[in-house]
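Report on one structure; see the data block that follows.
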Amino acid sequence: MNKTSNYFHLHLVSDSTGETLMTVARAATAQYENVREIEHVYPLVRSHKQLDRVISEIETAPGIVLYTLVDDEISSRLERTCRELGVPFVNILDPVFAVFQSYLNVRQTHRVGGQHDLDAEYFQRIEALNYTMMHDDGQVPEDLESADIVLVGISRTSKTPTCIYLANRGIKAANVPLVPDIPVPGKLLNLKNPLVVGLIASPERIQQIRRNRVLSLNSETYNDTYVDRREIAREITLTRRMCSENGWPLIDVTRRSIEETAAEIMALYRAFRTKAAEG
Numbered sequence: 031m032n033k034t035s036n037y038f039h040l041h042l043v044s045d046s047t048g049e050t051l052m053t054v055a056r057a058a059t060a061q062y063e064n065v066r067e068i069e070h071v072y073p074l075v076r077s078h079k080q081l082d083r084v085i086s087e088i089e090t091a092p093g094i095v096l097y098t099l100v101d102d103e104i105s106s107r108l109e110r111t112c113r114e115l116g117v118p119f120v121n122i123l124d125p126v127f128a129v130f131q132s133y134l135n136v137r138q139t140h141r142v143g144g145q146h147d148l149d150a151e152y153f154q155r156i157e158a159l160n161y162t163m164m165h166d167d168g169q170v171p172e173d174l175e176s177a178d179i180v181l182v183g184i185s186r187t188s189k190t191p192t193c194i195y196l197a198n199r200g201i202k203a204a205n206v207p208l209v210p211d212i213p214v215p216g217k218l219l220n221l222k223n224p225l226v227v228g229l230i231a232s233p234e235r236i237q238q239i240r241r242n243r244v245l246s247l248n249s250e251t252y253n254d255t256y257v258d259r260r261e262i263a264r265e266i267t268l269t270r271r272m273c274s275e276n277g278w279p280l281i282d283v284t285r286r287s288i289e290e291t292a293a294e295i296m297a298l299y300r301a302f303r304t305k306a307a308e309g
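Taking our numbering, I'd label the letters of the sequence shown as residues 31 to 309.
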């Protein structure tokens, strides 16, 4: 492996945006703690002239080559070059295409960037994102009934980033902060259409995040109770009680990534919709 210290070169070659490659590559490299990749990303490689630059850079800095190229000529040329240079290469979609073709018994279309077509799903995601931004942090509470999912929780439980992640999957997600001694919007307690989910974390985790938040803002407007562990524990208890009283599912996000939290919420949402359809 050609590497400098604990670094290696990782070439990502795509005839589309390269998002698929970057997602797979980062998921893989995250499993190796002692090495770090130097990423070289080449999107929209659709001609031999564009491939010339890619090959030149691979020759200059040999390393692992991952690619998604549906044009057979361009793909074959890249593979030949990698063999000649003695560098490993993988078309990450080949095994997936093989399984699909075997099971469906149909040929692939070789359509470049087909996953990025401006279809109905795309516009659904845009609509969901617009909705989520308009209904962040308790805004427009009178319109919560039109949400798919409403997240509730005290400050620093990742409500906003989780909502944005859900919106990028076409789900209209709103969030309502639970603030001590401030009543929640009456509309929240009488929702019929959306699934309401509570988010909590450990007092220690929330205290750490809040302290960092205060320091980053260099603000003196926060009172001591905002970062007081006992007060935070009281807020969490109130959240648990509210969710229990209203039959809302509760998720502890202490050791969860945004993606993991969103995955559980989407599973709850599917079950919620199935039950509503049956019922």
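Built from N, CA and C at the ideal position, the CB exists for glycine as well.
Burial state of residue i, where buried means 16 or more other Cβ atoms lie within 10 Å
i	result
H146	The predicted model places H146 with a pLDDT of 48, which falls under 50 and marks its position as unreliable; any figure quoted below should be read in that light. Burial call: exposed.
I68	exposed
V65	exposed
A306	exposed
S188	buried
R303	exposed
L247	exposed
A57	exposed
Straight-line Cα distance separating residue j from residue i
i	j	result
E87	G116	15 Å
Y37	H78	29 Å
R103	A197	The amino acid occupying residue 103 in the given sequence is Glu; Arg does not appear at that position. About 38 Å.
A158	A203	7 Å
L208	Q154	29 Å
L99	S132	20 Å
E234	D254	15 Å
V129	N135	10 Å
I236	Y299	26 Å
E265	H70	46 Å
P191	I85	39 Å
D173	N205	12 Å
M296	E114	47 Å
Contact under 8 Å by Cβ, residue i with residue j
i	j	result
N223	E175	yes
T284	A231	yes
V227	I262	no
L218	P171	yes
L81	L108	yes
P73	S105	no
I184	T162	no
R240	V257	yes
Residue i (DSSP reduced to helix, strand or coil)
i	result
P73	coil
G228	strand
Y256	helix
I212	coil
A293	helix
G116	coil
L123	coil
A57	helix
E275	helix
Y161	helix
Q145	Legend: pLDDT at Q145 = 49, less than 50; position of this residue unreliable, value from coordinates given subsequently. Helix, per DSSP.
T267	helix
N205	strand
Integer-rounded CB distance, given that residue j should sit under 8 Å from residue i
i	j	result
H39	A91	4 Å
V95	F119	4 Å
E101	R83	For clarity, residue 101 is Asp in the given sequence; the question names Glu instead. Going by Cβ atoms, the distance from D101 to R83 rounds to 16 Å, so no, they are not a contact pair.
L42	A55	6 Å
R243	R186	7 Å
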